[in-house]
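Report on the structure given below.
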Amino acid sequence: MGLFDKLGFNKLKDGLSKTKNGLFGKINSLINSRKVIDEEFLNELEEIFLLSDMGIETTEKIISNVKKRAKEDKYETENDLQLIVKQEIEKVFSKTNAEFEDFSFNISQKPYVIMVVGVNGVGKTTSIGKLAYNFKKAGKSVLIGSADTFRAAANEQLEIWANRAGVDIIQSTNAKDPASIAFETVSIGLKEGKDIVIIDTAGRLHNKNHLMEELKKIKRVMQKVIPETPDEIFLVIDATTGQNGLNQAKEFSNALGKLTGIILTKLDGTAKGGIILKINSELRIPVRFIGVGEQIDDLQPFESKKFAEALFADE
Amino acid sequence: MFEDLQYKLDTVLKKIRGQGKITEKNVDDSLREVRRVLFDADVNYKVVTNFLKQVKERSLGQNVINSITPGQLIVKIINDELISLMGSEKADVVLSDRIPSVILIVGLQGSGKTTFSAKLAKYLKTKGRSPLLAACDVYRPAAKEQLKVLGKQIEVPVFSEDESTNAVKISKEAFEFARKNARDVLIIDTAGRLSIDEKMMQEVSDIKTALNPEEILFVVDSMTGQDAVNTAKTFHDKLDYTGIVLTKLDGDTKGGAAISIRAVVNKPVKFVGIGEKLDAIEQFHPDRMASRILGMGDIVGFVEKAQEQFDLNEASKLEEKYKKNQFDFNDYLSQLKQIKKMGSMQNILSMLPGVGKNLKDVNVDEKIFVRLEAIILSMTYEERANPSVLNGTRRRRIANGSGTTIQDVNKLIKQFEEMKKMMKNMNFNKMRGMMKKMNVSPESLKNFKV
Chain A
107 MGLFDKLGFN KLKDGLSKTK NGLFGKINSL INSRKVIDEE FLNELEEIFL LSDMGIETTE
167 KIISNVKKRA KEDKYETEND LQLIVKQEIE KVFSKTNAEF EDFSFNISQK PYVIMVVGVN
227 GVGKTTSIGK LAYNFKKAGK SVLIGSADTF RAAANEQLEI WANRAGVDII QSTNAKDPAS
287 IAFETVSIGL KEGKDIVIID TAGRLHNKNH LMEELKKIKR VMQKVIPETP DEIFLVIDAT
347 TGQNGLNQAK EFSNALGKLT GIILTKLDGT AKGGIILKIN SELRIPVRFI GVGEQIDDLQ
407 PFESKKFAEA LFADE
Chain B
17 MFEDLQYKLD TVLKKIRGQG KITEKNVDDS LREVRRVLFD ADVNYKVVTN FLKQVKERSL
77 GQNVINSITP GQLIVKIIND ELISLMGSEK ADVVLSDRIP SVILIVGLQG SGKTTFSAKL
137 AKYLKTKGRS PLLAACDVYR PAAKEQLKVL GKQIEVPVFS EDESTNAVKI SKEAFEFARK
197 NARDVLIIDT AGRLSIDEKM MQEVSDIKTA LNPEEILFVV DSMTGQDAVN TAKTFHDKLD
257 YTGIVLTKLD GDTKGGAAIS IRAVVNKPVK FVGIGEKLDA IEQFHPDRMA SRILGMGDIV
317 GFVEKAQEQF DLNEASKLEE KYKKNQFDFN DYLSQLKQIK KMGSMQNILS MLPGVGKNLK
377 DVNVDEKIFV RLEAIILSMT YEERANPSVL NGTRRRRIAN GSGTTIQDVN KLIKQFEEMK
437 KMMKNMNFNK MRGMMKKMNV SPESLKNFKV
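Top to bottom, those sequences are chains A and B. For the first sequence, this note's numbering assigns the number 107 to the initial residue and increments by one for each residue that follows. For the second sequence, this note's numbering assigns the number 17 to the initial residue and increments by one for each residue that follows.
Below you can see the structure in the form of structure tokens.
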């Protein structure tokens, strides 16, 4: 995460602590109050998991493992108990994420192209503004392409973010074809030697065939400029999303090939974003960034180890 | 309708067949399945728990009539309970004689408030009202612009003060403007806000105090998970809203949030958003929602999707051609295109009851349509119109041109001839009768164009 190292670390803690208090913070108090793994304990644990949007399958998996361990292992103190629960959660979560822990943008060739996709209203444009700001702050030159030609005033919104971040933007006032704007942006990025190109796309529901075809076309057309592009395809997921999040990840993957990462937004609210655990364990798409507010510095790199630790930290 | 869950329940309940009565043990076993289904549909934990308790009470001691299985009976009870939980009454917006009546639109970020505001304005306009939209989202970049663009599309004026960041003040001035200009409904689009953001919640509460709206609509994304109840409740505690709007229901989410919210705040769902076009709103159908949540296949959705994508004129032209046996490859090609528009085969098939789960691991060869299309596209127009000219040389050329084999081409032509024969003998009146049974009237079809 070298690029963003110096930036806004306090905000990360804020965002996480809100998540933690709402979700796994409860596990500690549950352990402290119950002290034994019995039917009632497991029921309450199940409630905490399910309320996080982790899904019934993942929940049942963890619960049955905890149950098994409780029978086999001898636990004496609350700490032992906590360890059992923690390890079983980590098995589902951080194990699948381990290979991604030391993520940093590996910018070997210019421009490094990032395509951002997702369903409507998840915060794609806002996340792009924040990403651009962070790259800019890290000394990179950035070009944004506004390939959302559908939503009213999407152009204007992205332009305001580009201005805030102090980066260039390619947009077309009359072109109705998003692929042509993506093509133009990558071409100009290449010609002008920009470090980073970020392509914003219109929000689309993943079950709309023609819109997913449009997305494939955007990718195809960019590859006419640079064959192996894009370097990253980020799927933006709203933390309030329930079980449908898995479908979203599946369908966008199906259309675009492997997604390289997830940006989990709106974690500053009361939602827990537990669906990413399910996405993680089923599709192995790592979370790269989390959004924790509406300000330009409210995007934070996601480190699963720290996240897992924070879930249990006593504070 | 309910084959999928029913099948599971019947497996669980196999033992009690012949006993003629549902016992506590049987109910517990089957409700465990129901519970999973409800969680998969994002119904809130606490709501599920209470709900299952009610279903259990109603199910116990019910006599199983010979003609149905215990599984069917339990599914029916669940379905009925779900519908009654969501409220069976039809709810519309209620406005007063005041000019203007005020509708305040509130919700989280990205739930679809601005789009819904425009849809509502359009809807009210068709009801003979003259709405005014007020752009009171002073925070999100270009939010005012967005509303203005939408307003222009639906030809409804938008009140906006581009320099002002005082949402309460803008809303009051919009009210005055509407009064003076005889706009009889004022729709106020507000910024998305988190329920825990006290300052922002105060702002919207101040708008409420200032204008005393006839309707306050809470807009919620139908893909929302367990958190829906928290947000819905906090907004309700603060604003006592009058109704709920469920957006993005044209996705493949089950939409259990609808049940959760309804259970927690007891306010009706007044509209659902079903597409990006500005007339894509509908009133809420609890029965459809119930079968959607139970994952029992969405026949209505399937029919609607078909209607949406099929051009009726095109279809009746085809019908004529079938009858006169003039159906050729040009028609076949346009038919293929229509089918492709409906989405992936997997997606279409999954809407059919009983098919959904079974299809999970089956890979439908989507490429088959691409191949068929390629073959037809490699024919000349004349060949398409008059397939009898397709001799060996032509067939080889077509195979080469489409990257297929001559066997593929032969197969397609043979299938085509068979289809033509079959279509000639098909009874179109009988098909109409079937459509009628599925509750599809010609009038309802007319509104759907590609």
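A virtual CB, placed ideally from N, CA and C, is assigned to each residue, including glycine.
{"Asked": "Contact list for B:A158 against chain D, beta-carbon separation under 7 Å", "Found": "No chain D is part of this structure, whose protein chains are labelled A and B."}
{"Asked": "One or two residues paired with A:D344 in a DSSP bridge", "Found": "A:T371"}
{"Asked": "Close-in-space but distant-in-sequence residues of the same chain around A:T430 (CB under 8 Å, 5 per side omitted)", "Found": "Absent from the model: residue 430 of chain A. The displayed extent of chain A is 107 to 421, so no value can be given."}
{"Asked": "Per-residue DSSP class, three states only, for B:F492", "Found": "This structure leaves residue 492 of chain B out entirely; chain B is present only between 17 and 466."}
{"Asked": "Members of the region 56–72 of chain B near chain A, C-beta cut-off 9 Å", "Found": "D56, A57, D58, N60, Y61, K62, V64 and T65"}
{"Asked": "The region 321–339 of chain A touching the region 350–362 of chain A, judged by at least three CB pairs closer than 8 Å", "Found": "yes"}
{"Asked": "Rounded distance between the beta-carbons of A:V228 and A:L371, thought under 8 Å", "Found": "For the record, residue 371 of chain A in the displayed sequence is Thr; it is not Leu. Confirmed, Cβ separation roughly 6 Å."}
{"Asked": "Beta-carbon gap between B:V285 and B:A274 smaller than 7 Å", "Found": "yes"}
{"Asked": "B:F385 to A:G224 span [Cα, whole Å]", "Found": "27 Å"}
{"Asked": "A:P407, DSSP secondary structure in three states", "Found": "strand"}
{"Asked": "Burial state of A:D344, where buried means 16 or more other Cβ atoms lie within 10 Å", "Found": "buried"}
{"Asked": "B:R52 at chain A interface by Cβ criterion, 7 Å", "Found": "yes"}
{"Asked": "Rounded C-alpha distance that separates A:V273 from A:I220", "Found": "15 Å"}
{"Asked": "Nearest-angstrom Cβ-Cβ length linking B:I203 and B:S127, presumed shorter than 8 Å", "Found": "B:I203 to B:S127, Cβ: 16 Å. No contact."}
{"Asked": "Three-way DSSP call (helix, strand, coil) for A:R394 in this model", "Found": "strand"}
{"Asked": "Cβ-based neighbour list, A:F256, same chain, cut-off 7 Å, excluding 5 preceding and 5 following", "Found": "A308"}
{"Asked": "Contacts that B:K264 makes with chain A (C-beta to C-beta distance below 7 Å)", "Found": "N226 and L311"}
{"Asked": "Nearest-angstrom Cα separation, counted from A:A285 out to B:G372", "Found": "With a pLDDT of 48 at B:G372, under the threshold of 50, the modelled position of that residue is not reliable, and no figure is offered here."}
{"Asked": "Below-7 Å beta-carbon distance, A:T347 vs any chain B residue", "Found": "yes"}
{"Asked": "Cβ contact check for the region 68–80 of chain B and the region 44–58 of chain B: 3 or more pairs under 8 Å", "Found": "yes"}
{"Asked": "Limits of the alpha helix (DSSP H) - the one that A:E163 falls within", "Found": "I162 to E178"}
{"Asked": "One or two residues paired with A:M221 in a DSSP bridge", "Found": "A:I305 and A:I339"}
{"Asked": "Proximity test, Cβ basis, 7 Å: B:S166 and chain A", "Found": "Rather than Ser, the amino acid found at residue 166 of chain B in this sequence is Leu. Yes, B:L166 lies at the interface with chain A (some Cβ there is under 7 Å from its Cβ)."}
{"Asked": "Which of helix, strand or coil DSSP assigns to A:F256", "Found": "coil"}
{"Asked": "Residues in the region 102–123 of chain B having any Cβ partner in chain A nearer than 9 Å", "Found": "none"}
{"Asked": "Chain-ordered neighbours of B:L210 on chain A, where CB pairs are closer than 9 Å", "Found": "K372, D374, G375 and T376"}
{"Asked": "Straight-line Cα distance separating B:E40 from A:E409", "Found": "48 Å"}
{"Asked": "Proximal residues of chain B, C-beta to C-beta of A:D159 below 7 Å", "Found": "G241 and Q242"}
{"Asked": "C-beta atoms of B:L255 and B:V288 nearer than 7 Å", "Found": "no"}
{"Asked": "Sheet register partners of B:T130 (DSSP bridge)", "Found": "DSSP lists no partner for B:T130."}
{"Asked": "Where B:R304 falls, given that 16 or more other Cβ within 10 Å makes a residue buried", "Found": "buried"}
{"Asked": "Rounded C-alpha distance that separates A:G351 from B:M438", "Found": "44 Å"}
{"Asked": "B:V183: first and last residue of the uninterrupted alpha helix (DSSP H) it sits in", "Found": "Reading the sequence as shown, one finds Ala at residue 183 of chain B and not Val. B:A183 -> alpha helix (DSSP H) spans A183 to K196."}
{"Asked": "Cutoff 7 Å: A:E153 Cβ touching any chain B Cβ", "Found": "yes"}
{"Asked": "Coil, strand or helix - B:S117 by DSSP", "Found": "strand"}
{"Asked": "Under 9 Å from the C-beta of A:G229: neighbouring residues of chain B", "Found": "Q125 and G126"}
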